[in-house]
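Everything in the sequence shown is counted per our numbering, starting at 511 for the first residue and increasing by one. For every residue, glycine included, the Cβ atom is placed at its ideal position computed from N, Cα and C. One structure is given below, encoded as structure tokens.
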Amino acid sequence: VTVSVLYCGGHGPMTAPAKERVLLAATSGQGIAGQCVQWATTIFLVMYLSVVLTRRSTSTTAEKHSNDRGPAVAYMSPEWLRVPLLKDFSPSLLLLHYASGIALVVCAVVQKQLLPAMARGRHRRLARTLHARVFGPLTVAAMVGMAAGGYLMRHEPDLPHFTSAMVGFVAPWVAFVALVWPSAAWGAWRLHAIAGEAVVKACIAVPLARVLGALLQRVDSSSVRFAFEHVPVLRTLAERCFGAERAVAAVAFTDGSGYYTGIATSAVVVG
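Shown next, in the form of structure tokens:
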């Protein structure tokens with residue numbers, strides 16, 4: 511959705527003409543529609559960061575799991591995403607995952623805003639220094655911290671197939687780290703531009719997935735019935751897809767299905 515390039519630090523040959531050609535190609539020709547999408551994306555990320563920075567996650571211990579595996583922990587993230595747990599998250603790993611994720615989104619936004627100054631601005635040298643020597647290494651470190659923190663907490667959630675899902679979540683970030691930094695060090699600017707654009711899109715997709723997941727988790731049977739009563743088109747569509755008797759149950763989401771549907775939807779929208 512957002513056409514942009516994320517450069518990270520490197521010590522390879524950085525010829526000005528080659529870099530400027532890549533940067534200008536990435537930042538030009540977006541038109542009014544592209545600028546509107548960028549503004550909407552920036553506003554969404556700012557609002558998202560304001561929520562996760564001002565709210566705290568909560569954990570509530572229940573008596574028993576439905577399958578008698580012991581005390582259940584109901585975790586709710588700052589963006590109201592519910593995750594049932596077998597046991598509470600490790601505070602240090604949760605802080606690593608949380609802080610690294612926030613830092614990654616901030617670094618991605620700053621890197622994107624530095625691009626015009628790197629290509630055309632008066633302070634081109636300063637912009638390049640900040641881009642390559644400051645925010646580049648911070649971006650890579652944030653990717654590693656967020657992915658490592660999330661993967662090491664993969665056994666706590668009581669969601670179906672969550673361990674496999676975490677492997678799928680971590681794999682792209684490992685690829686991003688393996689591509690972004692070496693491509694900058696080697697001066698492979700086209701590869702660097704492609705990898706950087708993928709990082710920026712992922713930094714939009716993850717917050718969007720969490721917000722969508724939190725919203726879908728609250729689509730229960732009662733709210734679906736209320737929508738069916740007031741939106742006949744929705745009722746007709748669901749009945750044709752699932753049948754009249756199963757329509758309400760099919761549209762309602764559990765914590766797990768809402769979480770995974772949010773991830774899939776954001777990947778399709780942003781990708």
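Bridge partner(s) assigned by DSSP for residue i
i: arginine 592; result: Met586
i: threonine 570; result: Ala584
i: proline 667; result: Leu595
N- and C-terminal bounds of the alpha helix (DSSP H) containing residue i
i: tryptophan 767; result: Note that residue 767 is serine in the sequence shown here, rather than tryptophan. Run containing serine 767: 765–780, per the alpha helix (DSSP H) assignment.
i: glycine 477; result: Residue 477 lies beyond the stretch modelled for the chain, which goes from 511 to 781, so this question has no answer here.
i: serine 602; result: 601–629
i: leucine 662; result: 646–662
i: alanine 637; result: 634–639
Residues of its chain near residue i, where Cβ-Cβ distance is below 8 Å and the 5 sequence neighbours each way are ignored
i: leucine 624; result: Ala637, Leu640, His641, Phe645
i: valine 616; result: Leu559
i: alanine 618; result: Leu516, Thr649, Val709, Val710, Cys713
i: threonine 673; result: Arg664, His665
Under the three-state DSSP convention, the category residue i falls into
i: histidine 740; result: helix
i: valine 729; result: coil
i: arginine 750; result: helix
i: arginine 643; result: helix
i: arginine 720; result: helix
i: proline 527; result: Because the pLDDT at proline 527 is just 47, under 50, the model does not fix this residue reliably, and the value given afterwards should be weighed accordingly. Proline 527 falls in the helix class under three-state DSSP.
6 Å CB neighbourhood of residue i in its chain, flanking five on each side removed
i: glycine 772; result: Ala719, Leu722, Gly723, Leu726
i: leucine 606; result: Gly655, Gly659
i: histidine 702; result: Ser693, Ala694
i: valine 593; result: Tyr585, Pro667
i: isoleucine 704; result: none
i: valine 680; result: Ala657, Tyr661
i: serine 567; result: Ser587, Pro588
i: glycine 768; result: Gly723, Leu726, Gln727
i: leucine 591; result: Arg720, Gly723, Ala724
Own chain residues within Cβ distance below 7 Å of residue i, not counting five before or after
i: methionine 653; result: Leu614, Trp683, Phe686, Val687
i: threonine 537; result: Note that threonine 537 scores a pLDDT of 47, beneath 50, so its modelled location is shaky and nothing firm can be said.
i: threonine 775; result: Leu722
i: histidine 633; result: Ala627
Check: residue i C-beta below 7 Å from any heavy atom of the ligand GTP
i: serine 567; result: Among the ligands in the structure shown, none appear at all, so the ligand GTP cannot be discussed.
Stretch pair the region 563–573 + the region 645–654: three plus CB contacts closer than 8 Å: Too few Cβ pairs lie closer than 8 Å, so no.
Three CB pairs or more closer than 8 Å across the region 586–598 and the region 688–696: No, the region 586–598 does not touch the region 688–696.
contact_flag[the region 658–667, the region 604–616] where n(CB pairs < 8 Å) is 3 or more: Yes, since at least three Cβ pairs between the region 658–667 and the region 604–616 fall closer than 8 Å, the two stretches touch.
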